[in-house]
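Residue numbering for the first sequence follows our numbering, starting at 1121 and increasing by one per position.
The beta carbon of each residue, even a glycine, is placed where N, CA and C say it ideally should be.
Just so we're clear, the structure is a prediction, and the values are computed from it rather than from any experiment.
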Amino acid sequence: MPDTIRIEDIARHAGEEVTIKGWLFNRTDKGRLQFLQVRDGTGFVQCVVFKKEVSAEVFAEARALTQESSLIMTGTVREDSRAPGIPGGYELGVTGMRVLQQAEEHPIQPKEHGVEFLMDHRHLWLRSQRQWAILRVRATVIRAIRDWFDTHGFVNMDTPILTPAACEGTTTLFETDYFGEPAYLAQSGQLYNEADIYAFGRVYCFGPTFRAEKSKTRRHLTEFWMVEPEVAFCDLDQLMEIEEQFVSYIVQTCLRDRAHELDLLERDTSYLEKVTPPFPRISYDEAVGVVAEIREQTEDEDLRQLLAMEWGDDFGSPHETELTKRFEKPVLVYGYPTRAKAFYMEPWPDRPEVSKSVDLLAPEGYGEIIGGSERISDYDLLIQRLREWGLPREAFEWYLDLRRYGSVPHSGFGLGVERTVSWICGLDHLRETIPFPRMLKRVYP
RNA sequence: UCCUCGGUAGCUCAACUGGCAGAGCGACCGGCUGUUAACCGGUUGGUUGUAGGUUCGAGUCCUACCCGAGGAGCCA
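If you want it as structure tokens, here you go:
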């Protein structure tokens, strides 16, 4: 049997006799000519079975092949502009074939299906071209994230997933039984990161995070992946520089390495190409003004209702969506009201009602993909904040220690991987950005 | 938790003011040498989400419940 090749490398084998191992995902039958669309995980290729060129047995067997049957094809690679697929432009002139398993009738056909049906068959849906493209972009986003941090002085430090108590309130935590004591699935590694920077300077944690929010929207999962860097000797301005460099690198890496996939997804990449530093920066105060202005101008009564807000309120999805439509690039919104954010955020100098916080909002209506801030480094202020937020001091003794032994100004942020993938791919729902999404009322398959 | 929309064949949907439950796709059989979700002919296909009610008659109207989708709040 000729050497097995990967479909993604097919152009390098033009004219050669090769073997391809994969699955049939679609077919077109033309009498004495059959076009079998085969995928192998690395790409998609058309295999042409011509009655004159194969044995009667192979031709008959090819005719009987069902969608998703597993097979081993041998044949000659030839260039042909009519050949569909990814990378495309080459096809296999089949000379031999072995069927490993003749698949039963596959539930998912190459046509439209409803959301519920697809989600019930997520384990099979993954095989479709669209899901293949999205999840390859996801893998590239993850690689780019690690590449950037690993080459910018950050050390990867994993933080615990089972945690003792609430960082930001228990209502959104999944509780588990930890040998008779309650423990909670982590919703952030930040506090542990803050401990880690005192040993390593710059760190990042990267893992799944859990939120028991009863959110039922296109931008929420109960289990999602978040990367959280934390940096010693870093203020809010420096943090914003890191964010724009980092996000630009992720986007540009995807444009370079996943062009086929973005093309398959019919993603208009013109906006993505503009994602280079610096990003526009506006203060929360300014942003509130812009939202008020948009609200004034709109004729849409429902939108006017949704955009109602007062200074001090955090932005909701409608606000973010409208705001980002005003910018071609991601926008950094900084200086949120203290009461709208978490207890650990450093106050603005001479403006205690404002925090040194920053959110990064993706363009085209995608909204928040990063939330970050400079952290409180002063022991007394942190004690005061715990009290104001009604948090039990005992649970935070270790965290307070960090302000006792060589405290320094430090900052960090969290980037949601799924929201980033959704934006880069131009999707309208987060559920397609992770192989097996966990959502309100969805833990199967 | 709240608001809006929906549930009919394996899938995607149609069925007018209540009156014979249909089409396309798939599957199966046959035809076709360049198809791209091919095309042509044939075959196959139903507890209309569940329970109750109104009616001569309910997919259609009423009540309750279940399930799903989109949104709000909350957040990445």
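For residue 1401 and residue 1259, what's the separation of their Cα atoms in angstroms?
29 Å
For residue 1292 versus residue 1332, is the C-beta spacing smaller than 7 Å?
yes
Nearest-angstrom beta carbon gap, residue 1441 and residue 1487 [assumed within contact, 8 Å]
6 Å
Buried or exposed for residue 1344, please, with buried defined as at least 16 other CB atoms from any protein chain shown within 10 angstroms of its CB.
buried
Can you name the residues that DSSP bridges to residue 1313?
DSSP lists no partner for residue 1313.
Can you tell me which of 1256, 1444, 1450 and 1434 puts its alpha carbon nearest to the alpha carbon of residue 1458?
1434
Every unbroken beta strand (DSSP E) inside the segment 1491-1561 [3 residues or more]
1530-1536
Residue environment, residue 1306, which counts as buried when at least 16 other CB atoms sit within 10 Å:
buried
What would DSSP say about residue 1250, mapped onto helix, strand or coil?
helix
Is it true that the CB of residue 1426 sits closer than 7 Å to the CB of residue 1451?
no
How many angstroms separate the CA atom of residue 1351 from the CA atom of residue 1295?
30 Å
Which residues bound the beta strand (DSSP E) around residue 1401?
1401-1403
Quick one: what does DSSP say residue 1304 is sitting in, helix, strand or coil?
strand
Buried versus exposed, by CB contacts within 10 Å (16 or more), residue 1337:
Label assigned to residue 1337: exposed.
Assigned secondary structure, residue 1475 (DSSP; H/G/I helix, E/B strand, else coil):
strand
Could you check the C-alpha separation between residue 1313 and residue 1436 for me, to the nearest Å?
28 Å
I need the straight-line Cα distance from residue 1320 to residue 1273, nearest angstrom please.
Those two C-alpha atoms are separated by around 9 Å.
How about residue 1215 and residue 1234: are their beta carbons less than 7 Å apart?
no
Which residue's Cα is closest to the Cα of residue 1144: 1366, 1165, 1485 and 1370?
1165
Simplified DSSP state of residue 1231, which is helix, strand or coil
coil
Report the rounded CA-to-CA distance for residue 1396 versus residue 1404, giving the unit in angstroms.
22 Å
Cβ of residue 1448 within 7 Å of Cβ of residue 1257?
no
By the three-class DSSP mapping on this structure, what secondary structure does residue 1192 have?
It is a strand residue.
Can you tell me the Cα-Cα spacing of residue 1203 and residue 1378, whole angstroms?
20 Å
Are residue 1341 and residue 1550 touching if we call contact CB-CB under 7 Å?
yes
Measure the alpha-carbon distance for residue 1190 versus residue 1158 and round it to whole angstroms.
9 Å
Report the residue ranges of all beta strand (DSSP E) runs contained in full by the segment 1127-1173; include only those spanning at least 3 residues, in chain order.
1137-1150, 1153-1159 and 1164-1170
So, with DSSP's three-state summary, where would you put residue 1429?
coil
Close Cβ partners of residue 1238 (< 6 Å) along its chain, the five nearest in sequence each way excluded:
1245
Just to confirm before moving on: does the CB-CB distance between residue 1466 and residue 1476 stay below 7 Å?
yes
Within the continuous alpha helix (DSSP H) that includes residue 1176, where are the two ends?
Run containing residue 1176: 1176-1184, per the alpha helix (DSSP H) assignment.
Residue 1360, enclosing alpha helix (DSSP H) - first and last residue
1356-1377
May I ask you to report which of helix, strand or coil DSSP gives residue 1438?
When secondary structure is reduced to three states using DSSP, residue 1438 falls in the helix class.
Quick one: grab the DSSP three-state call for residue 1217.
strand
Anticipated Cβ contact below 8 Å, residue 1528 with residue 1353, distance rounded:
6 Å
Pair within 7 Å by beta-carbon distance, residue 1541 and residue 1370:
no
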